Structure formats: structure tokens, C-alpha cells
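Asker: Just dropping this structure here.
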Amino acid sequence: MVISDMAQSDSVALTVDGRELRVSSPSKVFFAARGETKLDLIRYYLSAAEPLMRAVGGRPVMLERHPDGASGKSFFQKRVPKGAPEWLTTTTVSTPNGTLSNAMVVSDLAHVAWAVNMGCLGFHVWPFRADNPDFADELRIDLDPQPGVGFEQVREAAHEVRAAFDELRMSAYIKTSGRRGLHVYCRLESRWDSYQVRAAAVALARELSRRRPDLITDAWWKEQRGRRVFVDFNQNAPHKTVFGAWSVRPRVAGQVSAPFRWDQLDEVQPEDLTIATVGEHLQETGDPWKAINDEVSSLQPLLDWHARDTEAGLPDAPWPPAYPKMPDEPPRVAPSRARAAGPVGESAGSRAPAAGGDA
């Protein structure tokens with residue numbers, strides 16, 4: 060990957076992975092806090108090339124485009140726009156209602172640089188590889204702090220997630236979200252579809268909320284969550300994307316959704332992980348997700364938890380509004396608006412199962 064000295068007043072020529080690109084308006088400020096530009100963002104992604112491709116390479120992505128930088132207007136783009144270069148790799152993805160789009164696949168760093176030139180700051184990644192779309196090979200646990208929850212509580216929730224994965228003999232990797240939360244990933248054997256992966260995520264969320272009801276909630280409805288960390292199981296729903304590892308958030312300081320080691324959990328400061336610091340950090344410590352593609356896990360232990368909950372009489376958890384009504388799903392209405400009388404203080408998943416395995 061080479062950034063050449065062939066500069067013009069309004070563009071810069073790049074050679075990235077053997078592809079020649081021309082970046083327009085390279086000096087346009089994308090991040091106001093320190094004045095980093097579009098070209099600085101490309102340089103950041105090139106500095107993280109190997110770990111970035113290890114984490115998201117070969118996967119379709121949705122582009123989060125900010126043509127005027129992090130402080131400007133934005134839009135999401137699943138479909139590759141007309142006029143894209145012929146060499147750009149794409150694949151067909153679907154929305155919950157069946158709409159098809161021709162999405163970009165992160166085949167190499169040239170694709171990343173092309174997207175940044177289009178004003179893309181970060182990438183929202185599908186949980187499957189473009190060459191194997193029938194199987195979701197990532198379980199993604201999104202720890203979402205509710206209002207009033209500090210990052211210390213998110214750290215504590217992450218320790219609980221790690222303990223559960225260790226108990227199930229599943230390998231887990233962690234990263235910052237680039238905002239207030241944390242994401243825990245588990246690479247899976249290519250045997251299960253997104254419906255099964257979501258079912259596993261529901262089971263994990265319910266188990267965590269049973270073990271630590273003071274700290275963790277699986278309640279889909281915000282009015283039930285309280286000051287706790289929500290385990291957003293629906294981030295694993297079919298056709299759902301999650302903000303990618305090493306991707307840069309649209310924030311004025313350019314915070315990165317940065318992987319780190321588990322032994323760094325009690326020290327990591329997400330606000331400090333920016334495009335100005337992450338590249339140097341990588342050079343010093345290496346890729347904390349270096350083994351992620353070698354340590355694949357079976358989903359079966361979590362599916363066994365899900366079967367246990369089903370046998371105990373728990374229905375499916377609510378799905379997001381964009382999805383069609385699912386079998387065994389409870390009424391898709393907030394408890395405060397439900398017509399049926401009864402207590403609404405807890406979600407079904409927070410009740411201990413009547414029978415089954417270890418709780």
C-alpha cells in the first residue's frame with residue numbers, strides 16, 4: 060500500500076493493493092477536534108491494514124457516509140452507487156422485508172480507500188463471509204449502557220460475559236463500540252444461520268440477566284431496563300449489521316471501535332482510542348484479535364440453553380419493528396401500552412427457568 064507524491068491542488072494519487080486511486084479533496088477536515096483530514100483517515104486504515112482485514116475481510120459492509128466529515132450530514136448506503144470501479148467486489152444482501160442490495164465486500168484495502176474517498180468514515184459489517192452467505196459465523200454481544208450507567212458498569216458486565224463464554228468453552232474477543240458500550244465477538248463454526256445465532260444470543264442475554272439482575276438486563280422495552288446494561292440480542296437478527304472492528308465513528312475526535320485484550324478491560328479508556336492513537340498502539344502491542352479466525356467455537360452450548368428456556372415455557376424475545384411477526388413471539392407492544400393486565404416490571408427472560416440445565 061503506497062501513498063504517492065503525485066499531488067494536485069484538489070486530489071492525491073494513491074496506489075493501494077495494486078490499484079490506482081485518486082482521492083478528491085484530500086485536505087478536507089473530517090474530524091474537527093484535531094483537524095484530521097480525509098487523507099489522514101485513509102492513512103489510519105492503511106496503518107491498521109492487517110488486523111482490519113483479519114476482522115472484516117471478505118465480508119459485505121454497509122457504508123456510513125459523511126461527505127463533509129463527522130460534523131456534517133450523513134446517510135447509510137447498502138447499495139454500491141453507480142459509477143463504482145469495475146474491480147470493486149460486491150455481493151447481494153437483503154433487508155428484513157426482502158429488498159435486495161448490491162453491497163461492497165471488503166476484499167482488500169483498495170476497497171476501503173475507495174469507500175473513504177466517497178466519504179465513508181466507518182463500516183457496518185454483515186455477520187457472514189460473502190463466499191459463504193448461508194451461515195453466520197459471528198455471534199456479536201452488544202453491551203449497551205442505559206441512561207445513568209457508567210463505563211465501570213459496562214466493564215463489569217463484560218466480565219460476566221467473559222465468564223459465561225469461558226464456562227461454555229467458547230472463545231470470546233472484545234472491542235470498544237467507539238461510543239459508550241462494548242462489543243464481544245465469538246467466531247463460530249460455519250454450521251448455523253442467523254436465526255439460530257439470534258436464538259443463542261437471546262439465551263445468553265437471559266442467563267446473564269438471571270445471574271446479575273442488578274447489573275444486566277435482557278428487556279427489549281426501554282421502560283423496563285432501568286439503570287442497567289442491556290444485552291442487545293437483536294444485533295444478531297438476520298440481515299443485521301454491526302459497526303466493524305477498527306472502524307472510525309462519526310465523532311469529532313475520530314474514536315475507533317478498537318479491539319483490545321481481555322487483560323486490558325479494567326484499564327481501557329474508549330475515548331482515548333482514536334485515529335491519532337490506535338495505529339501507534341497496534342505497532343507497540345500487535346493485534347489483540349490475531350487468533351480470532353483460528354479459535355472458532357460451537358454454538359451448541361448456547362442453543363442448549365435456548366432449548367432449556369423454551370422447555371421451561373419462555374416465549375421468543377421481541378423482534379425489531381422492521382421484521383415480520385415471528386412464531387412464538389410475544390405481543391410486539393410496550394408493556395405500558397399493553398391491554399392485558401399484569402405486572403410489567405420484569406421481562407420474561409429475567410425469570411428463572413422451571414427446569415433445565417445450570418442457571
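Each residue of the sequence shown is one higher than the last, beginning at 60 in the numbering used here.
In this text, a Cβ means the ideal position worked out from N, Cα and C, and glycines have one as well.
Only a predicted model underlies this, so the values are computations on that prediction, with no experimental measurement involved.
Does T74 come out as helix, strand or coil in the three-state DSSP assignment?
Answerer: Taking the sequence shown and counting its residues from 1, the one referred to as residue 74 is at position 15. Note: T74 maps to strand in three-state DSSP.
Asker: When you compare each of A393, R199, V184 and V164 to F224 by their alpha carbons, which one comes out closest?
Answerer: Here residue 224 is taken as the residue at index 165 of the sequence shown, counted from 1. Ranking A393, R199, V184 and V164 by Cα distance to F224 puts R199 first.
Asker: Which of helix, strand or coil does DSSP assign to Y244?
Answerer: As a working note, residue 244 is residue 185 in the sequence shown. Here Y244 sits in strand by DSSP.
Asker: Would DSSP call P119 helix, strand or coil?
Answerer: Translated into the one-based positions of the sequence shown, residue 119 becomes position 60. Of the three classes helix, strand and coil, the one that applies to P119 here is strand, per DSSP.
Asker: Taking all protein chains shown into account, do 16 or more other C-beta atoms lie within 10 angstroms of the C-beta of W279, making it buried, or fewer, making it exposed?
Answerer: Taking the first residue of the sequence shown as 1, we reach residue 279 at position 220. With 16 or more Cβ atoms within 10 Å of its Cβ, W279 is classed as buried.
Asker: What separation, rounded to the nearest whole angstrom, lies between the Cα atoms of P412 and D273?
Answerer: Residue 412 sits at position 353 when you count from the first residue of the sequence shown. Residue 273 sits at position 214 when you count from the first residue of the sequence shown. Note on P412: pLDDT 35, under 50, position unreliable in the model; the coordinate value appears next. P412 and D273: Cα-Cα distance of roughly 18 Å.
Asker: Please report the residue range of the beta strand (DSSP E) in which R199 lies.
Answerer: Locating residue 199 in the sequence shown gives position 140, counting from the first residue. First-last of the beta strand (DSSP E) with R199: E197 to P204.
Asker: Starting from the Cα of P379, find the closest Cα among A260, H242 and A296 and give me that residue.
Answerer: Position 320 of the sequence shown, counted from the first residue, corresponds to residue 379. When each option's Cα is compared against that of P379, the closest is A296.
Asker: Please list the segments of the beta strand (DSSP E) lying wholly inside the stretch 130 to 216, counting only runs of 3 or more residues, in order along the chain.
Answerer: List check, beta strand (DSSP E) in window: 134 to 136, 149 to 153, 159 to 164, 179 to 184 and 197 to 204.
Asker: In chain order, what residues of the same chain have a beta carbon less than 7 Å from the beta carbon of R221, not counting five sequence neighbours either side?
Answerer: Position 162 of the sequence shown, counted from the start, is the residue given in the question as residue 221. Excluding positions up to five away in sequence, the list reads A231 and W321.
Asker: Could you tell me whether the stretch 75 to 82 touches the stretch 170 to 188, where touching means 3 or more Cβ pairs closer than 8 Å?
Answerer: The stretch 75 to 82 is in contact with the stretch 170 to 188.
Asker: Between P347 and R284, what straight-line distance do the alpha-carbon atoms span, to the nearest angstrom?
Answerer: Counting from one through the sequence shown, the residue named residue 347 turns up at place 288. Counting from one through the sequence shown, the residue named residue 284 turns up at place 225. Using only the alpha carbons, I get a separation of about 32 Å.
Asker: Which first and last residues belong to the beta strand (DSSP E) in which Y232 is found?
Answerer: Your numbering for residue 232 matches position 173 in the sequence shown. Taken as a continuous stretch (DSSP letters only), the beta strand (DSSP E) holding Y232 covers Y232 to T235.
Asker: Assuming P360 contacts L202 (C-beta within less than 8 Å), just tell me the rounded distance between them.
Answerer: For the purposes of this step, residue 360 is taken as the residue at position 301 of the sequence shown. For the purposes of this step, residue 202 is taken as the residue at position 143 of the sequence shown. Not quite, the Cβ-Cβ distance comes to about 20 Å (not below 8 Å), so this is no contact.
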